[in-house]
Each structure stands twice: as structure tokens, then as C-alpha cells.
Amino acid sequence: MSTSALPDAKPPSALPDKKPSSATGRRTWAPLSRRLAAAPRPLGRVLATTATVFVLASLLTFALGALSDANPAAAVLGDTATPADIARMEAEFGLDRPLYVQYFTWLGGAFTGDLGVSWFTGVPVADSIGQALPVDLSIAGLALLLAVVIGGGAGIAAALDNGGRIDRAVTLVCSALATLPPFLIGIVLIVVFAVQFGALPTGGYEPLGSGLGPWLRYAILPAFALSLDAAASIARQLRTSLVGALRENYVTGAEMRGFSARRVLFGHVLRNAAGPALTVLGVSVPVILGGAVVTEKIFNLPGIAQLSLQAAERHDIPVIQGTLLVTVAVVLAANVAVNAALAALNPAARRSATRRRAAGTAGGTA
């Protein structure tokens, strides 16, 4: 990378907080815990918002089930159920109590891992979710990893070749991938890699505990199908951010100080430009979980999406409520993780927070 490929520079404040050691020529990085602690107010607001959204989502989830016309007695006992049978089953499931009592009982149980019992199987909902959720988390985790690797590599390559053939090719491929739904990509992958070449199974799942190799054989195709849309979004956003960051003055300043082109790119430019791509990654989590509904069907995966579909077909309200609540919790947890990463990558936010704490300490001492 030449100096012309890395023009302009940020004020000295945008450069590393610590200059390279004259002995090692390497930068001393602050621990991650210190970076996260440097922006407590934004993260505090994020946590407060997350808690509020979770409570509202739980209320909506419970209301959808409570206000539905599903009746466990009619569904389980059939049309021959007597009023006494219906009353007995409603008392057994706690449906004879006021709605607000049912809600707080259900929410309180959820915080302790008790999401109720299936109306049809009698199996605790938490046990069913505990068997299905690892499937989704492992597939989604691999999909996000593939999205970061593929999208990050493509975005960097496109930014460094701004206006060139690689840049145009990446833009074209990303635009095409953004229009293809995951289930269609999944079908193509099955036809090519499972049917034509016989290299991978057409479906099924092997738990990660059975070994990395067996798990990867079953997980790679659905994860790859789910990752491409996120990879395309990450590549486009990262390319745009990097092109702008490479024009900043601090890039030229860093090279004039003797930093190598690789170090400037990966140590400073990429760090400053990664924020929007991280945001896209956080938005991709619910998209990947939503795409898993169809993808699990195509690849015959015993995940939480299939559990939800089966419960919806049977009007098994406790299972539906439990899967929805857990899905909301996973999405909100991913949102908090992304905001924490953004706070760790934002030097300006850390310096501002440090100044606020110093001013508060000085005021308290005075």
C-alpha cells in the first residue's frame, strides 16, 4: 500500500493513545475491560433500553397467547370434554387465574428457567428449547463467522481497489446476493454439493459434542446459505467506511511516523471504519434467525424454528411463548454485545467518558 493509497490524516488525537515503544516498535493496547468501562453511560442506556424492550416483548408475547382462542382442554381432551374436565385442566395449567397473575407467574418462572409445560406432550418447555436452541446457536454462530470473514475480506479488497476491477466485481456480487433468499441458496447448495458431488449430506444435524468434523459436515451448508446476505451487507458497508477513512489525514500522518501500510490499515483505519459494519452484523442476527425458519425445513434441522412451527400447528401456546421469548432474548443479547464492541472501538467515546469521569471526580473533591 503506497502513501497515495492511504491519503490524508486525522488530528493527532485520532492517532493511537500510546506511541509505539522505541524498543519494540509495537503499540501497547489497553485491556478490553478498560475500553468497555470507558463508556459507561452509553452502555448503561443500552442496557436500560434492552431491559425495557424485553419486558414489553414478554408482555406482547404473553398477550398473544392469552388472547388467542386456543383451549388446552378442547385441544387435548377433544370434543367429548365435559365442563368439569375443562375446569379441571384449566386449573391444572393455571388458566383460571387473572391474566396479570398468569403473566407475572410466567415471567418470574422464565427468569428461573421455568417456561411452563407443553399442553400436548407434558414436557417442560425449557427442556424442549434446551435441545433445539444449541442447533440454532451453532448454525447462527458459524453463519456470522462466515459473514465476517467473507464480507470483511471482500470489503477490504474492494476499498483498497477503489474504482478498480475488484471493487466493481465485489459490488456486483453483493448486489446479486442481496436479492437471493437463503432458502434458494440452500437448495442450490444441496443440488451442487450433496446431489452432484456427494461431498456433504443433504440434511440432518450432528451435535458439536460429536466432534468438530462431523458437526461441520452438517452445519456448513445451512450456515453458508444464511451467511451470504449478511456477508454482502457487511462488505458494502465496510467498503464505504474504509474508502472514507483512507482519505483521512491521520493515515498520511501515521505513515510519516514510520508505521507500515499493513499496520496503518489493520491497526488504525480498519478499527475506525468497523463501526457501521458491526452495526450491520448486529442487525443480521434477527435476519439469520428469521431465515432459519425455512432453512431448517430444507436441511431438516431440529432447531428452535421447527419447534415453533410444530407448536403453532398444534396451538401449543406455552411452547410458542417460550420460543418467542428466548428468541427475543438472543436478539437483545446480540444487540448489547454489538454496542459493547462499538464502545470498545470508539476512541472518541472513551476519551469523552474519561474526561467526564475526571471532571466528576474533581467536582466531588472540591
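Taking the numbering used here, the leading residue of the sequence shown gets 38, the next gets one more, and so forth. The beta carbon of each residue, even a glycine, is placed where N, CA and C say it ideally should be.
Of all the options V375, T360 and V367, which has the alpha carbon lying nearest to the alpha carbon of F99? Closest option to F99, Cα to Cα, is T360.
What is the DSSP secondary structure of P339, counted as helix, strand or coil? Residue state for P339 is assigned as coil, using DSSP reduced to three classes.
Leaving aside the five residues before and after V269 along the sequence, list all residues of the same chain whose C-beta is less than 6 angstroms from its C-beta, in chain order. Residue 269 is actually Ala in this sequence, not Val. Cβ-Cβ distances below 6 angstroms link A269 to C211, L214 and A215 in the same chain, with the five nearest sequence neighbours on each side left out; the list follows chain order.
Can you give me the Cβ contacts of V365 inside the same chain, cut-off strictly under 6 angstroms, excluding the 5 residues immediately before and after it? Scanning its chain for C-beta atoms nearer than 6 angstroms, with the 5 sequence neighbours on each side dropped, one finds around V365 the residues A94, in chain order.
Can you look up V160 in the DSSP assignment and give me helix, strand or coil? Here DSSP, grouped into helix, strand and coil, assigns V160 to coil.
T61 burial status per 10 Å Cβ neighbour count (16 or more: buried): Reliability fails at T61, whose pLDDT of 41 lies under 50, so the model's placement of it is uncertain and no value is given.
Do G340 and D164 come within 8 angstroms of each other at the CB atom, strictly closer than that value? It is not a contact, given that the beta carbons lie outside the stated cut-off.
Tell me which residues share the same chain as L96 and place their Cβ nearer than 8 angstroms to its Cβ, disregarding the 5 neighbours each side in the sequence. If we look at L96 and ignore the five residues flanking it on each side, its Cβ neighbours are Y140.
If we ignore side chains and look at the alpha-carbon of each, how far apart do A74 and V232 end up? Residue confidence for A74 is low, a pLDDT of 40 falling below 50, so the modelled location carries little weight; the figure read from the coordinates is stated next. Whole-angstrom Cα-Cα distance: 52 angstroms.
Who are V154's beta bridge partners in DSSP? DSSP output for V154 lists P161 as bridge partner(s).
I need the DSSP call for H305, collapsed to helix, strand or coil. Helix at H305.
Between W252 and S345, what straight-line distance do the alpha-carbon atoms span, to the nearest angstrom? Using only the alpha carbons, I get a separation of about 23 angstroms.
Taking the alpha carbon of K334 as the point to measure from, which residue in T239, A191 and A282 has its own alpha carbon closest? Nearest to K334 by alpha-carbon distance, out of T239, A191 and A282, is T239.
Return the first residue and the last residue of the alpha helix (DSSP H) that I123 is part of. Note, I123: alpha helix (DSSP H), P120 to E129.
First and last residue of the alpha helix (DSSP H) that includes F230? Note, F230: premise wrong, no alpha helix (DSSP H); not H, not E.
Below 8 angstroms, how does it come out for the stretch 311-322 and the stretch 152-170: are there three or more Cβ pairs, yes or no? In short, these stretches do not touch, since the Cβ pair count stays below three.
Going by C-alpha distance, which of I354, V368 and A378 is nearest R308? For the residues I354, V368 and A378, the minimum Cα distance to R308 belongs to A378.
Reference G102, options P355, N376, T142 and V367, closest by Cα: For the residues P355, N376, T142 and V367, the minimum Cα distance to G102 belongs to P355.
With DSSP collapsed to three states, give me the class of P171. Shown here, P171 sits in a helix according to DSSP, grouped into three states.
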